[in-house]
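Numbers 59 to 367, taken from our numbering, label the letters of the sequence shown in order. A virtual CB, placed ideally from N, CA and C, is assigned to each residue, including glycine.
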Amino acid sequence: MADRCEITVLVDNYVDIFLPSTETVEYPVPGKGSRLWAEQGLSMLIKAYEGDRALTVLYDFGRSPEVMPHNMELLGVDPGQVDYLVLSHGHVDHFCNLARMLEATPAHARLVIHPDAAGRERFIRTGESTYVGPWVIDEDLVRAHEGRTIRSASPTDLGCGVHVSGQIERTVAYEKGMPNAFVGTAGGMVHDDIRDDQSIFVELDGCGIIILTGCCHAGLVNTMRAAEKLFPGQAIHAVVGGLHLNNAAEPQLVGTIGELRKRNVRWLSAMHCTGYRAGRRLMEKFGNRWIPGTVGAKITFRAREDRER
């Protein structure tokens with residue numbers, strides 16, 4: 059169980075160097091911060107501390123080959139310190155620099171992916187019969203690193219209170235996934251339910267669970283239920299990451315906000331694919347418990363006293 063968890067945003071859709079820092083989040087400032095790049099993508103560096111132990115996880119890998127390495131250099135992130143690489147799902151705005159990071163990280167750093175993440179041609183439908191894509195994680199890339207790869211649809215314990223959710227059960231009727239996501243098969247295009255979507259759960263001592271999401275295609279309510287099933291009796295302390303609510307119907311927005319409030323989630327930092335409309339609604343509901351997400355933000359959650367703020 060973690061005593062402290064630090065989350066540094068390496069890639070996001072947004073960058074802001076004039077946000078005021080707080081006890082919980084340190085924002086980039088003019089100077090180096092002015093040279094940080096934003097893009098349609100996501101990557102986070104997660105550091106969890108448990109006593110004298112520490113664990114470093116690289117979660118997702120951005121959209122373009124330029125932005126993530128550029129931001130990592132400016133932020134002083136050393137890939138040689140990474141213990142685990144975790145992929146949320148097989149969309150290109152999350153896996154672009156996977157091959158580069160597999161080469162840059164130590165041989166002992168393990169890759170954690172869902173069994174269905176690689177080798178599938180992903181498309182986005184833009185019209186009745188038009189598609190953008192394909193994007194695919196090369197199966198040969200994963201095989202080349204098979205000795206350091208954990209392919210699992212079940213939860214995986216990484217240590218220091220950090221867990222990969224594995225495949226998330228979907229029971230919420232209004233969380234319908236991504237209707238315009240498709241996968242190419244020998245028989246043609248079929249809808250992609252993105253069953254490889256997975257999140258990271260961090261147990262924070264005395265506070266509850268921090269949920270970190272890539273795109274949360276499984277749905278935030280389904281994801282919170284998965285965390286509660288894995289950690290019975292634990293509260294949801296924070297949610298950080300993409301929520302893919304940019305095209306959500308009103309019942310999903312209302313339902314999601316209601317479930318967050320019912321659980322009294324302490325902190326929310328919705329970024330990447332959450333969308334302007336949904337983000338604004340969530341910000342209004344959370345008030346000073348809303349953490350604006352931006353490239354270069356360093357969010358720190360501390361055990362016990364964080365719940366009392």
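- In the three-state scheme derived from DSSP, where H, G and I count as helix and E and B as strand, ASP151 is classed as helix.
- By DSSP's assignment, ILE104 forms a beta bridge with ILE65 and VAL115.
- Every beta strand (DSSP E) of 3 residues or more that sits fully in the stretch 277-328 is shown, in chain order, as 294-300.
- For MET236, the secondary structure class from DSSP, reduced to helix, strand or coil, is coil.
- Burial is judged here by how many other beta carbons sit within 10 angstroms of a residue's own beta carbon; TYR334 has fewer than 16 and is exposed.
- SER92 and VAL194 have their C-alpha atoms some 33 Å from each other.
- Considering only ILE268, GLU261, CYS273 and SER212, the residue with the shortest C-alpha distance to PHE119 is CYS273.
- Cβ contact annotation for PRO192 (same chain, cutoff 7 Å, sequence separation greater than five): GLU179, ARG180, PHE181 and GLY242, in chain order.
- The beta carbon of VAL150 lies closer than 6 Å to those of TRP193 in the same chain, with the five residues before and after it left out.
- A straight-line Cα-Cα distance of about 17 Å links ARG362 and VAL83.
- Here ARG335 carries a helix assignment [DSSP, helix/strand/coil].
- For GLU161, the uninterrupted alpha helix (DSSP H) segment begins and ends at 156-162.
- For VAL125, no beta strand (DSSP E) run applies; the uninterrupted alpha helix (DSSP H) run containing it begins and ends at 125-132, by DSSP.
- DSSP, reduced to helix, strand and coil, places MET341 within a helical segment of the structure shown.
- One thing to note: LEU311 has its Cβ no nearer than 8 Å to the Cβ of THR332.
- DSSP places ARG201 in the uninterrupted alpha helix (DSSP H) bounded by 197-202.
- Bounds of the beta strand (DSSP E) holding LYS356 are 356-360.
- Around the beta carbon of PRO237, fewer than 16 other beta carbons lie within 10 angstroms, which makes this residue exposed.
- Three or more pairs of CB atoms, one per stretch, sit closer than 8 Å, so the stretch 344-356 contacts the stretch 318-332.
- Beta bridge pairing from DSSP links VAL83 with ILE357.
- VAL248 sits exposed, since fewer than 16 C-beta atoms from the chains shown fall within 10 Å of its C-beta.
- The straight-line gap separating the alpha-carbon atoms of TYR142 and ILE171 is approximately 11 Å.
- Within the same chain, and ignoring the five residues on either side of ALA157 in sequence, the residues whose Cβ sits closer than 7 Å to its Cβ are LEU199.
- One thing to note: LEU103 has its Cβ no nearer than 8 Å to the Cβ of LEU132.
- If the five residues before and after PRO78 are omitted, its C-beta is found closer than 6 Å to no C-beta atom of its own chain.
- By the Cβ neighbour-count rule, ASP110 is exposed, with fewer than 16 other Cβ atoms within 10 Å of its own.
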